[in-house]
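**Q** Quick one: the structure is below, questions incoming.
Numbering (the working numbering), first residue to last: 1 to 131.
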């Protein structure tokens, strides 16, 4: 039950970050890496890979977060356009964010394994030196 609450809270956090970025990314052009979609995908991907470890749970939290963020964006702009969730642009952002999350998750896991291996190497070298 605690895991479900954690995934729901991560989804809410991702949704609010996605909505915030979608609303304000055009106001801060220095923050844009390649284009606005890539920037949002990289930031949300790094966030979900840091908060959730397992791939299936990352996909669930990411899907919930992007749906919440897109729903908030559609609701806040309901006078300007129709509320359509799941269009082709949303699917492109979802796939791009998923690739960013999984890629950054693999990088973080390999960095943690490398640090752990270096720690054991240094610890064994210090211990052998004492003997």
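In this text, a Cβ means the ideal position worked out from N, Cα and C, and glycines have one as well.
Give me, in chain order, the residues of the same chain whose beta-carbon lies closer than 7 Å to that of residue 101; leave out the 5 immediate sequence neighbours on both sides.
**A** As a working note, residue 101 is residue 101 in the chain shown. For residue 101, where only same-chain residues beyond five positions count, the Cβ hits under 7 Å are 45, 48, 49, 58, 62.
**Q** Taking DSSP as the reference, what is the three-state secondary structure of residue 139?
**A** Residue 139 lies beyond the stretch modelled for the chain, which goes from 1 to 131, so this question has no answer here.
**Q** Helix, strand or coil: which one does DSSP assign to residue 59?
**A** Counting from one through the chain shown, the residue named residue 59 turns up at place 59. Here residue 59 sits in helix by DSSP.
**Q** For residue 11, which residues from the same chain have a beta carbon less than 7 Å from its beta carbon, with the 5 sequence-adjacent residues on both sides left out?
**A** Here residue 11 refers to the residue found at position 11 of the chain shown. So the qualifying residues of the chain are 61, 64, 65, 68.
**Q** Looking at residue 21 and residue 40, is the spacing between their C-beta atoms short of 7 Å?
**A** Position 40 of the chain shown holds residue 40. Position 21 of the chain shown holds residue 21. Yes, Cβ-Cβ distance for residue 40 and residue 21 is below 7 Å.
**Q** Measuring alpha carbon to alpha carbon, tell me which of 53, 2, 5 ends up nearest residue 107.
**A** For the purposes of this step, residue 107 is identified with residue 107 of the chain shown, where counting begins at 1. For residue 107, the nearest C-alpha among the options comes from 53.
**Q** Any idea what DSSP makes of residue 83, helix, strand or coil?
**A** Along the chain shown, read from residue 1 onward, the residue named residue 83 stands at position 83. It is coil, neither helix nor strand.
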